[in-house]
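Okay, structure first, notes after.
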Amino acid sequence: MTAPVEITLGVNGETHRRAVEPRLLLSDFLRHHLGLTGTHVGCEHGVCGACTVLLDGEAVRSCLVFAVQADGHQLTTVEGLAPAGGELHPLQQAFRDTHALQCGFCTPGFLMTLVPFLRDHPDPGEEEIREALSGNLCRCTGYQNIVEAVRLAAERA
Amino acid sequence: MSRGYVGKGVRRNEDRRLLTGRALFVDDVSLEGMLHVAFLRSDHAHARIRGIDVSAARARPGVAAVYTAEDLGEYWQPGPLLVPPPPVEGLVFHPVTQVPLAKDKVRHAGEPVVMVVAESRYLAEDALGDVWVDYEPLDAVVGLEAALAPDAPLLHEQLGTNLAAFVPQQHGDYHAAKAEAHLVVSRRFHYDRGAGAALENRAVAARWDARAEELTIWDTTQAPIPIRNGLARMLGLLESQVRVVAPFVGGGFGPKIMMFYPEEVLVPWAAIRLGRPVKWTEDRQENFYATTQERSQIHDAEAAFDRDGRILGIYDRFLHDTGAYAPYGLTIPINSQCTLLGPYDVPNYDSEFRAVFTNRTIVTPVRGAGRQHGVFVMERLLDIAARELGLTPVEIRRRNYIRHDDFPHQWKILFQDFAPLWYDSGNYLPALEKALEMIGWDAFPAERERARREEGRRLGIGVVSYVEGTGIGPYEGARVTVEPSGRVRVATGLGTQGQGHYTAFAQIVADALDVDVEEVSVVTGDTREFGWGTGTFASRGAVVAGSACFAAAAAVRAKVLAVAGRVFGVAEDEVELAGGRVRPRGAPERGMGLGELSLLANPLRGAVAPGSEPGLEATAYFGPDKGSTASGVHAVVVEVDPETAMAKLLRYVVVHDCGKLINPVIVEGQVQGGVAHGIGNAFYEQLHYDENGQLLNASFADYLLPTALDVPRVEMAHLETPAPMNPLGIKGVGEAGCIPTGAAFAQALEDALPELALEIREIPLSPNRLFELLGEAERRGES
């Protein structure tokens, strides 16, 4: 049951081939096997959204996906949004400009939720934005500045 | 000269690392050969342990060690008492603190019983299933009043009681005041438990370097230095052999300053014993059982008023639930006792509380730390009295505020820092007037009627006040260093969990040295960088450590001027410091950068001048003997559907006075986030325990944190009454947002449905509970 299974997947444009136990969560695979610790784990039951990553361009909760299910797919994590030391992604820049993060633990999950949201809703209204954010929990900010960040990023695009 | 960063909404220095996923959190620590921990936790709230069999777990492949209390030997000790009881006459205090692993008895569900260390977390959790514990279940103590019943089961038999503490505090003579009163109102108020619910669960990682004889611990603590000091003592090491790092921490809110959590004691010990790095990361379910909680109190309170609605006195008797152990002393109920007085002139006060042990998770401060209970009781008493006297809620508050010329305001009871409660400064009436203007108080009755008549919508308004004692001692320190690169390094001892210390402290130092704020690099929460201090709690980080940064930067500035004077051969007051450069007045061509100057202050030849020190570096401390009192007014508009009991906050106004603002954008973020936390406490978040002491909603699916759909935009205004106790004039702000939220919400709900004559005396509410209360009120109205 726990015999390793070989998987091949792309993460942030790089191909990885690993043998993993079928029960290994995608979140643990990314964090502890690939060292991509920007993806955070807040609840491991799919509510808080901190572990959100893109799977073939769509937001998924990596704590609700097994690594083996990502076999053959393309993933993007927060580390893939902006090159190290390079310019921030427009959404990251908007978060900084509007003080949309405090402790920053939930932030990668918000960013990864919002990337496809803004792609599909280039000019969202406040209600739409709040609806989009409602699947991610933040204990620090009270969300207002995250709403502002989304608006700013949309305006700048 | 100053660039005037203090007071500006400077963007944060720490954000880039956080936004790109490159900030280090404790669970990100990954070390060669690292082992992973899982804990077997008690299924029972109260049970005797008759036996534990770990042999199968030990035999499982991949398991490195399994420990029970017996295996800890001499290392098994109850934790230290974090805060001793205050010197109050008549005080009773039974200090019983938590243990690393339960030995003979478990006292709350989730208490750790067995520790498994294995090659992976998955394997460690597998092995938990191999452990067999023989429990003899005992009746659980869940309710606060039940805890003191004569036949109550005892948590700690040696005490002969479940009473943890009794603290009476008085000033004036309440009974004499009551005898003169025109109106006396007395009611019972309930406040129930919630979770801190930081998005990051707790984690501890430890590495013992046998060759260097050094222990490094990464810990999600709010207080790395006391953790280092305590662990050094427990492990028989020098403090200098132990380094505790609280790197980026994903939210604190109080529970991350419990000392010591069993896991904090055990993980470093196991790392030394096994000679391999060891890490434990809490999962969310463990967080609900094992991370400390707050808020259960029952108040029987009474207030006496004269004919005009002026408070003659307050009388309060309350119960406080401290959970299974009381490691944090009496901070929370003393905060409740003191903060109840609020911004009001209360000439006579008679308050006693009893803290009780219950078979529930340990209680230590959670954002607000008891203050909101006191505020809720006082604000509700005022609302009830106002109704009896035919006054508006606003008018009764106006009549009772401490006058602006009555500061500092001295009380005769002791605050949580053991100094007599004292309000350093304040100006309450302007905050009220501003809030009324912003919420549209005068026009609201017409709007309420219009909405009801034309749209069938039920709107209510609420306006409440509070004070918050912030910025208490004992002290914090900071070291400021100008590096040869010209960049400035600031080190301070407290931990940071999102408050923007990397930026706020940089602003203070950048102003003093007239350098670019992005050139100031702040490090917090690493005992190797700075080893003296206490921690981040009681809304004190900016006030106390910020003032230490200010003092250290001023000392470095003095050194800069002295060294530059010598280098240039001019008097110190002939040296100009601007733009990160020094120059003799009137001779800009002779200028040099601070980095270059720092090299001249640290020469390879020649001598450091007598009476001076090498380098451009200084360390300073700030220790206020009293705190500073922040204050504010919250005003809300609520819409409630009387059929479904669903309530929605339509508007939320905060007029806040935290003295001088270092960074208004950060302050507003703290207030907005605090309000969100307060909304959760008021209407969504409640930990439901059954009669056996089992927590019924230990997941984010069942324990509801407010989402972006539940938290409105908070409209804010700042008043700045400078604090006289620190050089920057600042007061704390971290907790303020969540303190009066429940009281504001309750008043507004009552206002929305006047025909029901609702009287809300409990927090948290929920749509379900409000539905019940509405039903009761309707039936009362019909009978």
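First to last, the sequence lines map onto chains A and B. Numbering-wise (this note's numbering), the first sequence opens with residue 7 and increments by one. Numbering-wise (this note's numbering), the second sequence opens with residue 220 and increments by one. Backbone N, C-alpha and C define an ideal beta-carbon position, used for all residues, glycine too. These figures come from a predicted structure and were not determined experimentally.
Practice task
Could you tell me which uninterrupted beta strand (DSSP E) segments, each at least 3 residues in length, are contained entirely in the segment 79-149 of chain A, listed from first to last along the chain?
Solution key: 80-82
Exercise for the section: Below 8 Å CB to CB, which residues in the same chain sit around Asn-232 of chain B once its five sequence neighbours on both sides are set aside? Expected result: Here residue 232 of chain B is taken as the residue at index 13 of the second sequence, counted from 1. Only Tyr-721, Thr-722, Ala-725, Val-736, Glu-737, Val-739, Ser-740 and Val-741 meet the Cβ criterion.
Handout entry: Simplified DSSP assignment, three categories, for Pro-883 of chain B
Key = Taking the second sequence and counting its residues from 1, one reaches residue 883 of chain B at position 664. Helix.
Exercise for the section: Compute the Euclidean distance between the alpha carbons of Gly-961 of chain B and Arg-870 of chain B, then round it to the nearest angstrom. Expected result: Counted from its first residue, the second sequence places residue 961 of chain B at position 742. Counted from its first residue, the second sequence places residue 870 of chain B at position 651. Answer to the nearest angstrom: the Cα atoms are 15 Å apart.
Problem - Residue-level contact to chain B via CB, Ala-88 of chain A, 7 Å cutoff - result: Stepping through the first sequence from its first residue, residue 88 of chain A is reached at position 82. So yes, Ala-88 of chain A belongs to the interface.
Problem - Three-state class that DSSP yields for Gly-16 of chain A in the structure shown - result: Within the first sequence, the letter at position 10 stands for residue 16 of chain A. Residue state, collapsed to three classes: strand.
Practice task
Could you tell me whether the Cβ atoms of Val-596 of chain B and His-518 of chain B are closer together than 7 Å?
Solution key: What you label residue 596 of chain B is simply residue 377 of the second sequence in a count that begins at 1. What you label residue 518 of chain B is simply residue 299 of the second sequence in a count that begins at 1. A contact, by the Cβ cut-off of 7 Å.
Handout entry: Beta carbon proximity, Ala-574 of chain B to chain A, threshold 7 Å
Key = For the purposes of this step, residue 574 of chain B is identified with residue 355 of the second sequence, where counting begins at 1. By this cut-off, Ala-574 of chain B is not an interface position.
Exercise for the section: Verify the CB distance criterion: does Leu-139 of chain A have a CB-CB separation below 7 Å to chain B? Expected result: As a first step, residue 139 of chain A must be located in the first sequence, where it is residue number 133. With 7 Å as the cut-off, Leu-139 of chain A counts as an interface residue toward chain B.
Handout entry: Cβ of Cys-109 of chain A within 7 Å of any chain B Cβ
Key = Here residue 109 of chain A is taken as the residue at index 103 of the first sequence, counted from 1. Judged by the 7 Å Cβ criterion, Cys-109 of chain A is in contact with chain B.
Handout entry: Range of the contiguous alpha helix (DSSP H) that encloses Arg-260 of chain B
Key = Numbered from its first residue, the second sequence carries residue 260 of chain B at position 41. Per DSSP, Arg-260 of chain B belongs to no alpha helix (DSSP H); it is in the beta strand (DSSP E), 254-260.
Practice task
Compare the C-beta of Val-886 of chain B against all C-beta atoms of chain A and say whether one is closer than 7 Å.
Solution key: Residue 886 of chain B sits at position 667 when you count from the first residue of the second sequence. Cβ-Cβ to chain A under 7 Å: no for Val-886 of chain B.
Exercise for the section: Measure from the C-beta of Thr-6 of chain A to each C-beta in chain B and report whether the shortest distance is under 7 Å. Expected result: Given that chain A is displayed from residue 7 to residue 163, the structure contains no residue 6 of chain A and the question cannot be resolved.
Problem - Straight-line Cα distance separating Arg-677 of chain B from Val-352 of chain B - result: In the second sequence, residue 352 of chain B corresponds to position 133, counting from 1. In the second sequence, residue 677 of chain B corresponds to position 458, counting from 1. Roughly 55 Å between the two C-alpha positions.
Problem - Closest residue to Pro-931 of chain B among B:Val-872, B:Pro-959, B:Ala-942 and B:Ile-982 (Cα-Cα distance) - result: Indexing the second sequence from 1 puts residue 931 of chain B at position 712. Nearest option by C-alpha distance: B:Val-872.
Practice task
Determine the contact status of Val-335 of chain B and Ala-275 of chain B, defining contact as a CB-CB distance below 7 Å.
Solution key: Taking the first residue of the second sequence as 1, we reach residue 335 of chain B at position 116. Taking the first residue of the second sequence as 1, we reach residue 275 of chain B at position 56. Against a cut-off of 7 Å, the Cβ pair of Ala-275 of chain B and Val-335 of chain B comes out as no contact.
Handout entry: Near-chain A residues of the segment 498-532 of chain B (beta-carbon distance less than 7 Å), N- to C-terminal order
Key = Asp-502 and Arg-503
Practice task
Could you please tell me which residues of the segment 97-108 of chain A, in chain order, have their CB closer than 7 Å to any CB of chain B?
Solution key: Gln-98, Phe-101, Arg-102, Asp-103, His-105, Leu-107 and Gln-108
Exercise for the section: Report the option in B:Leu-559, B:Ile-603, B:Leu-560 and B:Ile-553 whose CA atom is closest to the CA atom of Thr-583 of chain B. Expected result: The sequence position of residue 583 of chain B within the second sequence is 364, counting from 1. Ranking B:Leu-559, B:Ile-603, B:Leu-560 and B:Ile-553 by Cα distance to Thr-583 of chain B puts B:Ile-553 first.
Problem - Proximal residues of chain A, C-beta to C-beta of Ala-472 of chain B below 8 Å - result: Looking up residue 472 of chain B in the second sequence gives position 253. First, the amino acid is wrong: residue 472 of chain B is Phe here, not Ala. Within chain A, the residues near Phe-472 of chain B are Arg-145.
Handout entry: Where Leu-915 of chain B falls, given that 16 or more other Cβ within 10 Å makes a residue buried
Key = For the purposes of this step, residue 915 of chain B is identified with residue 696 of the second sequence, where counting begins at 1. Leu-915 of chain B should be labelled exposed.
Practice task
Could you work out which residue in B:Pro-331, B:Pro-297 and B:Arg-277 is closest to Ile-268 of chain B when comparing CA atoms only?
Solution key: Here residue 268 of chain B refers to the residue found at position 49 when the second sequence is read from its first residue. Measuring from the Cα of Ile-268 of chain B, the nearest candidate turns out to be B:Pro-331.
Handout entry: Near-chain B residues of the segment 41-64 of chain A - C-beta to any C-beta below 9 Å
Key = Gly-41, Leu-42, Thr-43, Gly-44, Thr-45, His-46, Val-47, Gly-48, Cys-49, Glu-50, His-51, Gly-52, Val-53, Cys-54 and Ala-56
Practice task
Kindly confirm or deny that the segment 425-441 of chain B and the segment 112-124 of chain A touch, where touching means at least three C-beta pairs closer than 8 Å.
Solution key: no
Handout entry: Beta-carbon separation (whole angstroms), Ala-895 of chain B vs Gly-148 of chain A, contact threshold 8 Å
Key = Here residue 895 of chain B is taken as the residue at index 676 of the second sequence, counted from 1. Here residue 148 of chain A is taken as the residue at index 142 of the first sequence, counted from 1. That belief holds up - the Cβ atoms of Ala-895 of chain B and Gly-148 of chain A are roughly 3 Å apart, short of 8 Å.
Practice task
Pick helix, strand or coil for Thr-550 of chain B, following the three-state DSSP scheme.
Solution key: As a first step, residue 550 of chain B must be located in the second sequence, where it is residue number 331. DSSP places Thr-550 of chain B in helix when its eight states are reduced to three.
Handout entry: Endpoints, alpha helix (DSSP H) assigned at Val-484 of chain B
Key = The residue labelled residue 484 of chain B in the question sits at position 265 within the second sequence. Run containing Val-484 of chain B: 481-493, per the alpha helix (DSSP H) assignment.
Practice task
Return the CA-CA distance between Gly-394 of chain B and Asp-569 of chain B, expressed in angstroms with no decimal places.
Solution key: Working through the second sequence from its first residue, we reach residue 394 of chain B at position 175. Working through the second sequence from its first residue, we reach residue 569 of chain B at position 350. The amino acid at residue 394 of chain B is misidentified as Gly; the sequence shows His. Distance between the alpha carbons of His-394 of chain B and Asp-569 of chain B is about 9 Å.
Exercise for the section: Could you check if Met-220 of chain B is buried or exposed, using at least 16 other CB atoms within 10 Å of its CB as the buried criterion? Expected result: By one-based count along the second sequence, residue 220 of chain B stands at place 1. Only weak support is given to the placement of Met-220 of chain B: the predicted model assigns it a pLDDT of 45, under 50, and the value that follows is read from those uncertain coordinates. Met-220 of chain B should be labelled exposed.
Problem - CB contact check: Thr-239 of chain B to chain A, cutoff 7 Å - result: As a first step, residue 239 of chain B is located in the second sequence; it is residue number 20 there, counting from the start. Closer than 7 Å to some Cβ of chain A, the Cβ of Thr-239 of chain B qualifies, so yes.
Exercise for the section: Assuming Thr-743 of chain B and Ala-849 of chain B form a contact by the criterion Cβ under 8 Å, report the distance between their Cβ atoms to the nearest whole angstrom. Expected result: Here residue 743 of chain B refers to the residue found at position 524 when the second sequence is read from its first residue. Here residue 849 of chain B refers to the residue found at position 630 when the second sequence is read from its first residue. Actually they are not in contact, since the Cβ atoms of Thr-743 of chain B and Ala-849 of chain B sit about 22 Å apart, beyond 8 Å.
Problem - 8 Å Cβ cut-off: residues of chain A touching Ser-234 of chain B - result: Your numbering for residue 234 of chain B matches position 15 in the second sequence. The question names Ser, yet the displayed sequence has Asp at residue 234 of chain B. The answer, in chain order, is Phe-101, Arg-102, Leu-107 and Gly-110.
Handout entry: Close-in-space but distant-in-sequence residues of the same chain around Thr-239 of chain B (CB under 7 Å, 5 per side omitted)
Key = The count along the second sequence starts at 1 and reaches residue 239 of chain B at position 20. No residues qualify anywhere along the chain.
Problem - Contact list for Tyr-341 of chain B against chain A, beta-carbon separation under 9 Å - result: What you label residue 341 of chain B is simply residue 122 of the second sequence in a count that begins at 1. Chain A residues near Tyr-341 of chain B: Thr-8, Glu-27, Arg-29, Leu-30 and Asp-34.
Handout entry: Contact the segment 800-812 of chain B vs the segment 912-928 of chain B: 3+ CB pairs below 8 Å
Key = no
Exercise for the section: State yes or no: is the C-beta of Ala-837 of chain B within less than 7 Å of the C-beta of Ala-767 of chain B? Expected result: As a working mapping, residue 837 of chain B is identified with position 618 in the second sequence. As a working mapping, residue 767 of chain B is identified with position 548 in the second sequence. No, these two residues do not count as a Cβ contact at 7 Å.
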